[in-house]
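Here the structure comes first, spelled out in C-alpha cells, and everything after it is commentary.
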Amino acid sequence: MTTLNEDTSGRSADALRADDTTEAPTGNGGAIGGVANWVDERTGAAKGVRFLMKKVFPDHWSFMLGEIAMYSLIIVLITGTFLTFWFVPSMSESVYNGPYVPLRGITMSDAFKSTVDISLDVRGGLLIRQIHHWSALIFIVAIMLHMFRVFFTGAFRKPREINWIIGLVLSMLVLVEGFIGYSLPDDVLSGTGVRAAQGFMLSIPIVGSYIAYFLFGGGFPGTAIIPRFFTIHVLLLPAIIVGLFTAHIILVMVHKHTQYPGPGKTDKNVVGFPLMPVYTAKAGGFFFVVFGVTALIAGLVTIDPIWMYGPYEPTMITAGSQPDWFMGFADGALRLLPGFLEFTLLGHTWSFNVMLGAILLIPILWTLMGVYPFVESWVTGDKREHHVLDRPRNVPTRTGLGMAAIAFYAVLFGAAGNDIIAIKLHLSIDDITNTLRIMLVAAPVIVFWVTKRVCLSLQRKDRDLVLHGKETGRIVRTAEGRFFEAHEPLDEYERWRLVSFEAHRPIAAPAETDENGVRSKTASADRTRARLSQFFFNDRIEPVTPLELAAAHHDGQADEALAPLEAAALEDAHPGEFGGHLHGGAEEIEEHNAYAHQQGSDDDA
Amino acid sequence: MTTPSNPSDKESSVTHDSTSEAGDDRALVSLEHREGSDNLPERFQDPGLPAHIHRAGDSDEAAARRYERQVAALFAISMFATVLFVVSYFAVGNDTVVSLPIIGRTMALHVSLGVTLGMSLLCIGLGAIHWAKTLMPDTEVVEERHELRSPDEAREGAVKILADGLEGSQLKRRPLIKYTLGGALGLFAIPLGLQLVGSLGPLPHTDLETTLWDSKLPGGKPRRLMRDPDGTAIRLSDVTLGSVFHVLPEGIDATPDPNNEKLKAAVILISLQENLIKSARERKWGVDGVVAYSKICTHVGCPVGLYEQTTHHLLCPCHQSTFDLTEDCKVIFGPAKRALPQLKISVDDEGYLVADHGFDQPVGPSFWERA
Ligand code: HEM
Ligand code: FES
Numbered sequence: 001m002t003t004l005n006e007d008t009s010g011r012s013a014d015a016l017r018a019d020d021t022t023e024a025p026t027g028n029g030g031a032i033g034g035v036a037n038w039v040d041e042r043t044g045a046a047k048g049v050r051f052l053m054k055k056v057f058p059d060h061w062s063f064m065l066g067e068i069a070m071y072s073l074i075i076v077l078i079t080g081t082f083l084t085f086w087f088v089p090s091m092s093e094s095v096y097n098g099p100y101v102p103l104r105g106i107t108m109s110d111a112f113k114s115t116v117d118i119s120l121d122v123r124g125g126l127l128i129r130q131i132h133h134w135s136a137l138i139f140i141v142a143i144m145l146h147m148f149r150v151f152f153t154g155a156f157r158k159p160r161e162i163n164w165i166i167g168l169v170l171s172m173l174v175l176v177e178g179f180i181g182y183s184l185p186d187d188v189l190s191g192t193g194v195r196a197a198q199g200f201m202l203s204i205p206i207v208g209s210y211i212a213y214f215l216f217g218g219g220f221p222g223t224a225i226i227p228r229f230f231t232i233h234v235l236l237l238p239a240i241i242v243g244l245f246t247a248h249i250i251l252v253m254v255h256k257h258t259q260y261p262g263p264g265k266t267d268k269n270v271v272g273f274p275l276m277p278v279y280t281a282k283a284g285g286f287f288f289v290v291f292g293v294t295a296l297i298a299g300l301v302t303i304d305p306i307w308m309y310g311p312y313e314p315t316m317i318t319a320g321s322q323p324d325w326f327m328g329f330a331d332g333a334l335r336l337l338p339g340f341l342e343f344t345l346l347g348h349t350w351s352f353n354v355m356l357g358a359i360l361l362i363p364i365l366w367t368l369m370g371v372y373p374f375v376e377s378w379v380t381g382d383k384r385e386h387h388v389l390d391r392p393r394n395v396p397t398r399t400g401l402g403m404a405a406i407a408f409y410a411v412l413f414g415a416a417g418n419d420i421i422a423i424k425l426h427l428s429i430d431d432i433t434n435t436l437r438i439m440l441v442a443a444p445v446i447v448f449w450v451t452k453r454v455c456l457s458l459q460r461k462d463r464d465l466v467l468h469g470k471e472t473g474r475i476v477r478t479a480e481g482r483f484f485e486a487h488e489p490l491d492e493y494e495r496w497r498l499v500s501f502e503a504h505r506p507i508a509a510p511a512e513t514d515e516n517g518v519r520s521k522t523a524s525a526d527r528t529r530a531r532l533s534q535f536f537f538n539d540r541i542e543p544v545t546p547l548e549l550a551a552a553h554h555d556g557q558a559d560e561a562l563a564p565l566e567a568a569a570l571e572d573a574h575p576g577e578f579g580g581h582l583h584g585g586a587e588e589i590e591e592h593n594a595y596a597h598q599q600g601s602d603d604d605a
Numbered sequence: 001m002t003t004p005s006n007p008s009d010k011e012s013s014v015t016h017d018s019t020s021e022a023g024d025d026r027a028l029v030s031l032e033h034r035e036g037s038d039n040l041p042e043r044f045q046d047p048g049l050p051a052h053i054h055r056a057g058d059s060d061e062a063a064a065r066r067y068e069r070q071v072a073a074l075f076a077i078s079m080f081a082t083v084l085f086v087v088s089y090f091a092v093g094n095d096t097v098v099s100l101p102i103i104g105r106t107m108a109l110h111v112s113l114g115v116t117l118g119m120s121l122l123c124i125g126l127g128a129i130h131w132a133k134t135l136m137p138d139t140e141v142v143e144e145r146h147e148l149r150s151p152d153e154a155r156e157g158a159v160k161i162l163a164d165g166l167e168g169s170q171l172k173r174r175p176l177i178k179y180t181l182g183g184a185l186g187l188f189a190i191p192l193g194l195q196l197v198g199s200l201g202p203l204p205h206t207d208l209e210t211t212l213w214d215s216k217l218p219g220g221k222p223r224r225l226m227r228d229p230d231g232t233a234i235r236l237s238d239v240t241l242g243s244v245f246h247v248l249p250e251g252i253d254a255t256p257d258p259n260n261e262k263l264k265a266a267v268i269l270i271s272l273q274e275n276l277i278k279s280a281r282e283r284k285w286g287v288d289g290v291v292a293y294s295k296i297c298t299h300v301g302c303p304v305g306l307y308e309q310t311t312h313h314l315l316c317p318c319h320q321s322t323f324d325l326t327e328d329c330k331v332i333f334g335p336a337k338r339a340l341p342q343l344k345i346s347v348d349d350e351g352y353l354v355a356d357h358g359f360d361q362p363v364g365p366s367f368w369e370r371a
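Sequence order for the protein chains is H and D. Everything in the first sequence is counted per the UniProt record's numbering, starting at 1 for the first residue and increasing by one. Everything in the second sequence is counted per the UniProt record's numbering, starting at 1 for the first residue and increasing by one.
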C-alpha cells in the first residue's frame, strides 16, 4: 500500500483509500480490461504488447510464402500429435485380422498395422493422416518458394544473414523430418527407402558401417529403427525446428520486415499495416485459409495409401520405386552418378558413386547457399543495412545464379524419374540418363546466361518506360505528315519504382605493390575479388537519371544538343578502367536517340 | 512513427542522395559531369507516399453494411459446415463408398469429414480477410527503423562488464584453475556421448560379409533353395527354360533375425539356354544353364526384382542398374559398380537344388571394410 508522500499529503486517509479502489481501468475496460489489468500488474506485459501490436508489416503476396510455411508447421504439429494417440512405433510382428480384407492373414509390424487402423478403422483417422502428410508437403514447398523469394529479392543481405542461415538449417532439417516421417508406417515403399538410406550410410569412409549398425541397432532392418525414428520424428527434430523457427520469427521482428521498393519506402522506414487489427485479421484469417485448403485437399486427394502398398518385406519391391518427391533430387543424383566412381584403394572401398549423391550433395549445396550472402557482400564491398528489397531484374547476375541453381535442382529432380520418362517416351533409359548427365552441367550455364539476358532486357524496358512513357494506343499525325504513337510520361510515383535502384559497379583491384614496391598481402584476394566483381557487374544497366530524362524530353529539333549528353552518359557507363566496350547504359542511350523524334513531337501534341 | 513528407521540390534541389553519401566503393566513381549540367540532381528523389485512395466502404454506409453481411455470411457458412462435420462423423458408416466425379470411388466418411472441416476453416479465414480488407482501416502507417548496431557506449559497457568479470574471476592470474577448468569442460560430455554411442548398437563384426548360405543345416547338409514366399524346395526339373524363381535359403525362419537374413541371402534363380552363357565360371557354378545370383543390388541394396526375358538383363527398380545375366551379372548400365555375386548350386540326391557354399564375396552395397 502506498504511504503518504508529497502528492497525497493533502488528502485525508479516507480519500486515499477511495483512490486505491480506482486502479482498475475505467470506461472501456470491462471483463477484458479486468483480466488484462490483473496480468499486467503481475508481469508488466502491457509495454511489450503495445510494442508488438504497433509493429508494422508491409503487404505483398510473396511475404505470404513464409506465412504458409509457418501455418503448415502449426498444422503438422497439431495433426501429428493426434496421430501419436493411435500409431504404435513398434516392429513386433503379428498377423492382420482387421476389417480390410486384402491384408487379412498377412504378417506385418505393429507400425504398419496401426497405420492401417488409423486409415481404415479410426473414424476420421484417415483425414488426420492425410492432412498431416499434405501439410508436410505444403510446408516443404512453401519453404522452398519462401527461400526463392528471399534469395531473388536480396532479403538475405545485411542485417539478415543470420536469418538466412537459420532458414537454411530449417529447410535441411525439414527434409530429414519428412523422410523419417514417411518411413514410419513401415510399408513396402518407405521400407525400400530406409534400406537405401542404410546403403548410403555404408558408403561413408571408415565409420559408415558403424553409423549404420549403431542407428539400426544391428543389421538391417532389426527391430530398433522404427522406435528410434519415432523419437527423432516426434521429439528431437520438432524441438529443434520449433526452436529455430522461434528464433527466425524473433529476428524478423527485430529486423522489421523488408519492403519492396516504391515511393515513400526507404531503408530507414517500414510502410505497412499495424499488427492490430488489420494484420492480425489478415494473417489469422490466412491461417484458417491454409488449414481449410489443406483439409479440402486431404479430404479429396488420396496420398500415401499404404494399405494398398502392403507391409515392408525385405525381398519385395515394386517397379518405379521412388522416395517422396522432396528427396527426388538426391535420388536423381544417385541415378546419374556413374559406377566408375567406386574403386578400391589401400584395401578399402571408396564408394563415391553413392556418397556424392546421398551423403555429400545436401551439405555441399547448403554450404554454397550459406556462404552466398557473404560472397555477395564481399564482391560488392557493400556493408550497409538493406531493408528495401531488390527487384530481381535489377540484380541480373544474382538472379541468373539463382535460376541456374534451380535448373541444377530441376535436372536432378527429373533424373529421379528417368525410368518413367523412358517408359512414357519410349526411349532408352541409357540415352535419357546420358542426356541428363550432360544437362546437369549444361542447363545451369544456359539458364544463367538466358536469365541474365532477360533481366537486362527487362531493365532496358524499364528505362524505356521512364524515358519515353507508356504507350497510349493513340496515333498522332504531325504537321509534316508523320505518324507516331503518343506516349504518356510516367507520374513521379511510378517512375520512382523504376529508378530507385542502384546498379553496382565492378570494383577494380587496388595496386598490388605499394609505393616501396612491397607486394600487398591481400593482392591475390583483391584480384579474385576484382575478377568476381567484373563477373557480377560488368554487364549492367544504370537507372535513368534526371539528366537523361531531360535529354529524352529534349525534342528532335535540338538533335545536335544531344551529342555531348550522349558522350557524357557513355563515359559514365564505362569509366576508363574497363576497356571501353559497349553495354549497359550505352545501348540505352542509342535507343533513346532513336525515339527522340517521337517523344519530342509527343510533347508538342 | 512519422508521416512521410511529400517533397515537391524534387527536381530543383542539387544534392547527393543518400545512396551516394554512403561512402562505399561506388561513390568513388564520380558523376559530376551530370550534376553540373542543367542544374539537375544526380539522381531522382523519392516522391514520398502517394495519396491514399479511399474504398467504397469508407464513406458509403450502404456499401459498408453490404460488406458486413458478406463477412457474416461467410462465418455462418463456417458454422453450418461444422455442424455437418459432426453429423457426418456420427451418421456416415465406415464402409460406405461413394462415387464422385474426377475422384472416382472413395470412402464417404473420409470425404465428408474432409470437405466439411475444410469449409468450416476456409470460411472463417475468408471472412476475416474480407473483413480486414473492406472494413478495417486501410491507411498505411510508417514505422521508423533504427540501425541495429548498439551505440558505442553500450558496446563498451558490455565489453567492460565482461572484462571486469574476467578480472574478478582471477582466471588470468590463476593458470592452474584455467587449465583444469578447460580440461574438465572439455571432457565432461564424454560419459554422455559414450553411453549413447556405445549402447546404440552392436559392432558390425562379420554381419555384412556373411549370409545364411555360408552355413550348413544343423545336420550338416547343404541348404536347399526354397521358393520365396512359399518356403518349398525346388527341383531342377521345376526350373523350365526362361522361368524365374525368387529364392531364400532353407531354414531361414529358424534364425534369430529372419528379416536380416532374408535381406542378405535373397537369391534370384533363372534358367538360361546354356550356350547363351558367355562365362565359363558362370556355367560351372550353375546346373544345365540354371544359375543363381544374389538379388541384392550392389548399389545401395534394393532387391533386383525385374528380369527382362528377351535381353537376359536384370534391372534394379531403385536406380536402374542393369546386370547382364549371360556374363557373370556384370553391370552394363547404371550407378552400380560391381557384378551381382553368384551362388554356386548343385542338385542333391533327392533332385532338389542346393547351395554348395556361400557367396565368394559380400553381397549388397559397398562398405568401407570390403576389400
Ligand atoms: C521452417 C521453415 C520456415 C518458416 C516457418 C519461415 C517463416 C518465415 C516467416 C513467417 C517470415 C516473415 C514473412 C516472409 O518474409 O515470408 C520469414 C522471413 C525470412 N525467412 Fe523464413 N521461414 C522458414 C524457412 C526459411 C528458409 C529455408 C530461409 C532461407 C534459407 C528463410 C529465410 C528468411 C529470411 C532471410 C527472412 C527475412 C525476410 C524479410 O524480412 O524480407 N526462411 N520466414
Ligand atoms: S539400389 Fe539398385 S540401382 Fe540403386
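Note that the Cβ used here is the ideal one computed from N, Cα and C, for glycine as well.
Residue list, Cβ distance to the ligand FES heavy atoms smaller than 5 Å: D:Cys297, D:His299, D:Val300, D:Cys302, D:Cys316, D:Cys318, D:His319, D:Ser321
Min CB distance D:Asp228 to chain H below 8 Å: yes
Nonlocal neighbours in the same chain, by C-beta distance under 8 Å from H:Asp514, ignoring five residues either side: Ser520
Cβ of H:Gly154 within 8 Å of any chain D Cβ: It does not: the Cβ of H:Gly154 has no partner Cβ on chain D nearer than 8 Å.
Residues in the segment 272-290 of chain D having any Cβ partner in chain H nearer than 7 Å: none
Partner residues on chain H for D:Cys329, Cβ-Cβ distance less than 7 Å: The premise fails here: D:Cys329 is roughly 14 Å from chain H at the closest Cβ pair, so nothing lies under 7 Å.
Start-end ranges of the beta strand (DSSP E) lying completely within the segment 269-326 of chain D, minimum 3 residues: 290-294, 306-308, 313-315, 322-324
Any 3 or more C-beta pairs closer than 8 Å across the segment 495-510 of chain H and the segment 532-551 of chain H: yes
Assigned exposure category for D:Trp368 - 16 Cβ within 10 Å defines buried: buried
C-beta neighbour in chain H for D:Phe80, strict 8 Å: no
Contacts that H:Glu485 makes with chain D (C-beta to C-beta distance below 9 Å): Those do not exist, as H:Glu485 stays about 25 Å from chain D at its closest Cβ, beyond 9 Å.
Under 8 Å from the C-beta of H:Thr528: neighbouring residues of chain D: Ordered by position in chain D, no residue passes the 8 Å Cβ test against H:Thr528, which lies about 16 Å from the chain.
Any chain H beta carbon closer than 8 Å to D:Ile103: Cβ-Cβ to chain H under 8 Å: yes for D:Ile103.
CB of H:Gly332 within 8 Å of CB of H:Leu425, strictly: no
Contact belief for H:Phe288 with D:Gly125 at Cβ below 8 Å, rounded distance in angstroms: 3 Å
Residue span of the alpha helix (DSSP H) that contains H:Met147, given as start and end: Run containing H:Met147: 125-152, per the alpha helix (DSSP H) assignment.
Cβ pair count under 8 Å reaching 3, the segment 131-151 of chain D against the segment 270-279 of chain H: yes
Beta-carbon contacts of H:Leu73 that lie in its chain and below 7 Å, excluding the five residues immediately before and after: Phe139, Phe245
D:Ile161 at chain H interface by Cβ criterion, 8 Å: no
Interface partners of D:Lys111 on chain H, CB under 7 Å: According to the sequence shown, residue 111 of chain D is Val rather than Lys. By Cβ distance, chain H contributes Gly299, Leu300.
The segment 490-522 of chain H: positions lying closer than 8 Å to chain D by Cβ: Identification of residues in the segment 490-522 of chain H having a C-beta nearer than 8 Å to some C-beta of chain D yields Glu492, Tyr493, Arg495, Trp496, Val499, Ser500, Glu502, His504, Arg505, Ile507, given in sequence order.
Whole-Å CB distance - H:Ile204 paired with H:Ile359, under 8 Å assumed: In this structure H:Ile204 touches H:Ile359 by the C-beta definition: roughly 6 Å separates them, less than 8 Å.
Cut-off 6 Å between Cβ atoms - residues of its own chain near D:Glu250, not counting five sequence neighbours on either side: Arg223, Arg224, Met226
Bounding residues of the alpha helix (DSSP H) (the contiguous stretch that carries H:Val447): In the DSSP annotation of this structure, the continuous segment of the alpha helix (DSSP H) that includes H:Val447 starts and ends at 429-468.
The segment 308-318 of chain D in contact with the segment 249-265 of chain D per 3-pair CB rule at 8 Å: Because the criterion of three Cβ pairs below 8 Å is not met, the segment 308-318 of chain D and the segment 249-265 of chain D do not touch.
C-beta neighbour in chain D for H:Lys268, strict 8 Å: yes
Proximal residues of chain D, C-beta to C-beta of H:His387 below 8 Å: Within chain D, the residues near H:His387 are Arg145.
Identity of the residues DSSP links to D:Lys330 by a beta bridge: D:Asp324
Residues, ordered as in the chain, of the segment 183-213 of chain D that lie near chain H by beta-carbon distance below 8 Å: Val197, Leu200, Gly201, Pro202, Leu203, Pro204, Asp207, Leu208
Per-residue DSSP class, three states only, for D:Val115: helix
At least 3 beta-carbon pairs within less than 8 Å: the segment 177-197 of chain H vs the segment 101-111 of chain H: yes
Near-chain D residues of the segment 338-354 of chain H (beta-carbon distance less than 9 Å), N- to C-terminal order: Pro338, Gly339, Phe340, Leu341, Glu342, Phe343, Thr344, Gly347, His348, Thr349, Trp350, Ser351, Asn353, Val354
Whether H:Val544 touches H:Val499 by CB criterion (8 Å): yes
Under 9 Å by beta carbon: chain H residues contacting D:Gly118: Phe291, Gly292, Val293, Thr294, Ala295, Leu296, Ile297, Ala298, Gly299, Leu300
Ranges of the beta strand (DSSP E) found wholly within the segment 71-131 of chain H, counting only runs of at least 3: 93-95, 107-109
Contact the segment 186-196 of chain D vs the segment 213-221 of chain D: 3+ CB pairs below 8 Å: no
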